[in-house]
Amino acid sequence: MRTTILILCLAAAAAAAAQPKSPVSDVLREMLVGREKNTVAAFEEMPADKYDYKPTAEQMTFGHLAAHIAEANYYFCANVGDVAQPKVEELKGTEGKEKLVAAMKASFEFCHTALAKADDSTMNQDITWFDGKKRPRVWAFIALPSAWADHYGAAAMYLRLNGLLPPTAKK
Numbered sequence: 252m253r254t255t256i257l258i259l260c261l262a263a264a265a266a267a268a269a270q271p272k273s274p275v276s277d278v279l280r281e282m283l284v285g286r287e288k289n290t291v292a293a294f295e296e297m298p299a300d301k302y303d304y305k306p307t308a309e310q311m312t313f314g315h316l317a318a319h320i321a322e323a324n325y326y327f328c329a330n331v332g333d334v335a336q337p338k339v340e341e342l343k344g345t346e347g348k349e350k351l352v353a354a355m356k357a358s359f360e361f362c363h364t365a366l367a368k369a370d371d372s373t374m375n376q377d378i379t380w381f382d383g384k385k386r387p388r389v390w391a392f393i394a395l396p397s398a399w400a401d402h403y404g405a406a407a408m409y410l411r412l413n414g415l416l417p418p419t420a421k422k
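The end of the sequence shown is residue 422 by this note's numbering, with every number in the run present.
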């Protein structure tokens with residue numbers, strides 16, 4: 252009987268130890284690789300002379316979308332990883348394809364560094380949100396993958412409107 256109880260206790264302890272410490276952070280780190288690959292590839296696919304393209308007068312240009320993605324990556328990844336947001340040149344979206352793609356790549360590299368420090372135990376800590384209000388850090392944990400999906404979806408739409416296939420649509 253004691254042996255059975257001991258075995259059950261050891262099995263429960265081993266199961267608890269096998270549980271990931273930060274499953275949400277782990278998923279974000281895993282997602283980052285594919286989101287970075289596809290988003291950067293989408294911006295590399297668009298010809299340089301189309302970076303001023305926008306589907307309607309109310310929408311941002313493709314170049315502005317690239318600048319926006321870089322800015323969003325720095326903001327969200329810094330907040331998720333609980334690290335300082337680096338001081339980088341503010342982009343307008345008119346800098347040209349080469350500079351905008353390089354800036355986007357740099358922002359994703361920052362995300363790798365910041366997310367390496369991400370820890371689910373910090374989700375309830377306060378951060379200051381865009382509107383200046385305090386929010387729990389979990390807002391950034393949820394907003395980051397949403398932003399990646401939204402930004403890639405917008406880039407894919409811009410590519411298709413210019414007769415180009417987005418990376419995820421290619422065989």
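Yeah, the Cβ is synthetic: ideal placement off N, Cα and C, and Gly gets one too.
Beta-carbon contacts of residue i that lie in its chain and below 6 Å, excluding the five residues immediately before and after
i, result
"alanine 369", "Ser276, Val331 and Gly332"
"histidine 402", "Ile320"
Exposed unless 16 or more other CB atoms sit within 10 angstroms - verdict on residue i
i, result
"glycine 404", "exposed"
"threonine 290", "buried"
"glutamate 287", "buried"
"alanine 308", "exposed"
"alanine 406", "buried"
Run of the beta strand (DSSP E) containing residue i, from where it starts to where it stops
i, result
"lysine 288", "Premise fails: lysine 288 lies in the alpha helix (DSSP H), 274 to 296, not in any beta strand (DSSP E)."
"threonine 379", "377 to 379"
Range of the contiguous alpha helix (DSSP H) that encloses residue i
i, result
"alanine 401", "According to the sequence displayed, residue 401 carries aspartate and not alanine. Note, aspartate 401: alpha helix (DSSP H), 389 to 412."
"threonine 312", "Element bounds for threonine 312: n/a, residue is neither H nor E."
"leucine 416", "From DSSP, leucine 416 is part of no alpha helix (DSSP H); its letter is neither H nor E."
Chain-order list of residues whose beta-carbon lies under 7 Å from that of residue i (same chain, five-residue window excluded)
i, result
"alanine 391", "Phe327, Asn330, Val331 and Ile378"
CB contact check: residue i to chain D, cutoff 7 Å
i, result
"asparagine 375", "Looking for chain D here will not work: only one protein chain is present."
Sequence-distant residues of its chain with Cβ nearer than 8 Å to residue i (five each side left out)
i, result
"alanine 354", "Ala317, Ala318, Ala321, Val339, Glu340, Leu342 and Glu346"
Cβ-Cβ distance between residue i and residue j below 7 Å
i, j, result
"proline 396", "methionine 282", "yes"
"lysine 348", "tyrosine 302", "yes"
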